[in-house]
Amino acid sequence: MMLLSSDVVPTPEIEIECSMSHVIFSCKVDKVHDGLQFEWIKNGVAIKDKNSTLKRKAEDVKDDLFQCKVLNPAMSKISKAFKQTCVSLKLFGLDFWIMVGILAGGGGLVVMLIIIIIVCCIRTRRKKHMKFKDEEELRLEWTNPE
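Residue numbers (this note's numbering): 48 to 193.
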């Protein structure tokens, strides 16, 4: 069997893209030609996904090693093993942005309660002042003989 130049499989490399809670693994090769197939290997075991890209939830694959296998009928090559490095921001066991929302909502509630307390204090002070003024006028009216 003769090896044709089209039968040569380029060495694959894995690129990782992090998005919100997912990680996207891309199997990149220098020259893509007809007949190339892709396979993914997770922790030494082939998985069913046969695309050049693989999307997984970052939390589910945080400790897993991935390899990309590029093959044609004549030969195959495997990339170096890659472990995803996407950082999942957690605060007290919850997603960072959920915690920011909770804290912002709680902070807004505290500010609203402070405003309500201040308004109640001002109204109470005005009522006391008005009551004092009314009592003073009433006393003055008693002392004024007409």
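Quick reminder that beta carbons are idealized off the backbone N, C-alpha and C, glycines included.
All values derive from a computational prediction rather than experimental measurement.
Query	Result
Beta-carbon separation (whole angstroms), L112 vs F129, contact threshold 8 Å	7 Å
Residue range of the unbroken beta strand (DSSP E) whose run includes K95	From DSSP, K95 is part of no beta strand (DSSP E); its letter is neither H nor E.
Cβ-based neighbour list, M49, same chain, cut-off 6 Å, excluding 5 preceding and 5 following	Confidence at M49 is low in this model, with a pLDDT of 46, below 50, so its placement is unreliable and the value that follows should be read with caution. If we look at M49 and ignore the five residues flanking it on each side, it has no Cβ neighbours.
Cβ neighbour criterion (16 or more within 10 Å) applied to W144	exposed
Cβ shell of V108 (< 7 Å), same chain only, five flanking positions each side left out	V70, Q131
Inter-residue Cα distance where the pair is G148 and I163	22 Å
Inter-stretch contact (C-beta, 8 Å, three-pair minimum) for the region 149-160 and the region 81-97	no
CB contact flag (S126, C115, <7 Å)	yes
CA nearest to the CA of V55, picked from P120, D181, R173	P120
Reference M67, options K174, R186, A105, closest by Cα	A105
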